[in-house]
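Engineer: Numbering (this note's numbering), first residue to last: 299 to 776. Positions of the beta carbon are idealized from the N, C-alpha and C atoms, including for glycine. All values derive from a computational prediction rather than experimental measurement. Pasting a structure below so you can have a look.
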């Protein structure tokens with residue numbers, strides 16, 4: 299196989315990253331990569347178990363003379379967020395990721411890269427492949443469906459785990475070590491749709507070019523949510539004239555800040571409506587952060603007029619959600635300065651035969667705040683005649699005052715990096731919370747190489763940072 303990362307270090311880690319990137323592995327589609335990992339481990343005579351959720355557990359025997367030492371677990375997830383730029387022809391169910399190297403950064407061509415969490419998978423595979431000269435018994439846990447609710451970690455049977463400590467490899471900044479995270483819950487709110495015969499002109503509105511980002515780690519960056527912005531534009535038009543929705547859609551993942559949104563509306567005068575949209579857009583531009591300077595709002599008369607439009611009452615209910623639901627930071631942490639404590643992301647809106655469905659991701663390390671988020675969505679739904687479903691709830695991971703593993707990491711990182719990394723708690727979900735709920739005495743940290751633009755087509759992974767994190771892992775396992 300010809301590797302585009304040839305000449306870069308860590309050579310074998312990057313080669314393995316390319317090999318798994320050739321296998322489609324979006325959330326819910328991990329069976330092929332799980333079987334590949336299972337064979338890879340079995341070929342190297344390691345104990346291997348693949349469960350019904352396609353989680354893969356591998357036990358790598360200790361090198362000579364270290365059999366008596368306690369096992370250490372490495373952990374990461376196989377699945378990736380599948381996002382692509384508008385107009386990019388890529389089938390995530392069938393096509394592998396096309397990787398290129400640009401100034402030392404690995405990128406994809408118009409799609410997410412999958413460095414989150416393919417970098418972890420590649421490092422664990424390199425351990426299985428014998429790329430470390432010395433180590434104790436290493437247990438590698440490859441999980442599934444992390445990006446859609448940490449489902450694999452939640453379904454795994456932990457009875458085979460013997461490790462007393464765990465290095466999660468699902469962080470994205472080498473200058474910090476994560477020692478706690480938020481819990482979360484996903485919610486769907488569906489507004490039933492009533493339609494009537496189409497009248498007037500059909501106007502198509504598009505919002506593209508926003509930055510987007512991770513709905514946990516970037517929720518406090520002030521980035522514009524395309525779905526919320528679409529609601530604002532439609533409400534602005536409705537102040538000038540009658541508006542009936544035909545369809546509305548936007549976003550692709552509940553855990554990504556939506557970059558794009560699209561709507562078709564019925565109005566009496568499409569030109570006048572378009573002017574209202576563009577006037578409001580110009581007002582919005584003055585509010586944008588620099589990352590969202592690429593905002594583009596387009597208006598055009600639909601080439602093919604639809605047969606039906608939503609009734610005025612249905613339109614009112616849908617716009618009530620888009621215009622009023624809380625989105626973004628709700629409360630800052632009371633314990634950690636500068637940390638978001640409680641947030642909600644409106645990640646997806648879609649129109650189909652069941653109605654208009656909104657998908658939310660709420661985050662907090664405090665269970666009562668997650669309850670408050672679901673309760674408030676239920677209350678809004680009751681007012682407008684919508685239905686809600688809450689699912690994929692997962693616990694947070696609380697900071698441990700005493701952690702020998704954390705201390706060992708800080709010393710190893712200082713030797714490799716030349717400085718001691720920051721100790722942080724993050725406002726994002728990690729599988730550590732679920733794993734800790736099953737193994738409450740497990741000492742754990744989360745680390746990872748530098749990445750940027752995760753969950754977006756601008757995602758990039760630093761090869762040099764991968765090398766440094768790989769060296770730190772090796773130091774910790776010495």
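(1) Evaluate residue 663 with the Cβ neighbour count: other Cβ atoms within 10 Å of its Cβ, from every protein chain shown; 16 or more gives buried, anything less gives exposed.
(2) Distance, Cα to Cα, residue 355 vs residue 609?
(3) Within the stretch 438-468, note down every full beta strand (DSSP E) run reaching 3 residues or more, in order along the chain.
(4) Could you tell me the alpha carbon to alpha carbon distance between residue 478 and residue 753, rounded to whole angstroms?
(5) To the nearest angstrom, how far is it from the Cα of residue 755 to the Cα of residue 363?
(6) Should the stretch 459-477 be called in touch with the stretch 537-544, which here means at least 3 C-beta pairs below 8 Å?
(7) Spatial neighbours of residue 713 within its chain, please: CB distance less than 7 Å, with the 5 preceding and 5 following residues excluded, ordered by chain position.
(8) Under 8 Å, do residue 684 and residue 528 count as touching if we go by C-beta distance?
(9) Do residue 461 and residue 369 have their C-beta atoms within less than 8 Å of each other?
(10) Measuring CA to CA, which of 503, 490, 371 and 708 is closest to residue 721?
(11) Tell me which residue opens and which closes the alpha helix (DSSP H) that residue 314 is part of.
(12) Mapping the DSSP letters down to three states, classify residue 634 as helix, strand or coil.
(13) If I follow the unbroken alpha helix (DSSP H) through residue 522, where does it start and stop?
(14) Span of the beta strand (DSSP E) holding residue 686?
(15) Between which two residues does the alpha helix (DSSP H) holding residue 671 run?
(16) How many whole angstroms separate the CB atoms of residue 607 and residue 666, which I take to be in contact at a CB cut-off of 8 Å?
(17) Helix, strand or coil for residue 340? Go by DSSP, reduced to three states.
(18) Got a sec? Which residues, its chain only, sit under 8 Å from residue 605 by beta carbon, not counting five neighbours each side?
(19) Which same chain residues end up closer than 8 Å to residue 394 when comparing Cβ atoms and leaving out the 5 residues on each side of it in sequence?
(20) On the three-pair Cβ rule with 8 Å, is the stretch 688-701 touching the stretch 407-419?
(21) Considering only the beta carbon of each residue, do residue 841 and residue 686 sit closer than 8 Å?
(22) Could you check the C-alpha separation between residue 436 and residue 424 for me, to the nearest Å?
(23) Under DSSP, the alpha helix (DSSP H) around residue 613 begins and ends at which residues?
(24) Give the C-beta separation of residue 375 and residue 515 to the nearest angstrom, bearing in mind that I take them to be a contact with Cβ-Cβ under 8 Å.
(25) Do the stretch 583-593 and the stretch 505-520 meet, that is, are 3 or more Cβ pairs less than 8 Å apart?
(26) Using only CA atoms, which one of 484, 586, 733 and 465 lies nearest to residue 646?
(27) For residue 523 versus residue 625, is the C-beta spacing smaller than 8 Å?
(28) Which residues does DSSP list as the beta-bridge partners of residue 346?
(29) Residues in its own chain within less than 7 Å of residue 627 by CB, not counting five upstream and five downstream?
(30) Do you know whose CA, among 337, 469 and 401, lies nearest residue 427's CA?
(31) Can you tell me whether residue 535 is helix, strand or coil according to DSSP?
(32) Should residue 580 go down as buried or exposed, given a rule of 16 or more other Cβ atoms within 10 Å for buried?
(33) If you draw a straight line from the alpha carbon of residue 549 to that of residue 432, how long is it in whole angstroms?
(34) Note down the Cα distance separating residue 762 from residue 771, rounded to an integer number of angstroms.
(35) Identify the residues that DSSP records as bridge partners of residue 499: which are they?
(36) Under the rule that 16 or more other beta-carbon atoms within 10 Å means buried, what is residue 386, buried or exposed?
Structural biologist: With the structure as the only source:
(1) buried
(2) 53 Å
(3) 463-466
(4) 21 Å
(5) 46 Å
(6) In short, these stretches do not touch, since the Cβ pair count stays below three.
(7) 773
(8) no
(9) In this structure, residue 369 lies closer than 8 Å to residue 461 by Cβ.
(10) Closest option to residue 721, judged by alpha-carbon separation, among 503, 490, 371 and 708: 708.
(11) 309-319
(12) Per DSSP, reduced to three states, the secondary structure at residue 634 is coil, with no helix or strand assignment.
(13) Residue 522 -> no alpha helix (DSSP H), and no H or E assigned at all.
(14) 685-692
(15) 665-682
(16) Actually they do not touch by this definition, with Cβ atoms about 42 Å apart.
(17) helix
(18) So the list reads 495 and 496, once near-sequence residues are dropped.
(19) 319, 320, 321 and 322
(20) no
(21) The shown model of the chain, from 299 to 776, leaves out residue 841, and the question about it has no answer.
(22) 12 Å
(23) First-last of the alpha helix (DSSP H) with residue 613: 610-622.
(24) No, residue 375 and residue 515 are not in contact; Cβ-Cβ is about 16 Å, not under 8 Å.
(25) yes
(26) 484
(27) Going by C-beta atoms, residue 523 is nearer than 8 Å to residue 625.
(28) 356
(29) 517, 518, 638 and 641
(30) 337
(31) Shown here, residue 535 sits in a helix according to DSSP, grouped into three states.
(32) exposed
(33) 46 Å
(34) 15 Å
(35) 565
(36) Residue environment: residue 386 is assigned as exposed (fewer than 16 neighbouring CB atoms within 10 Å of its CB, all protein chains considered).
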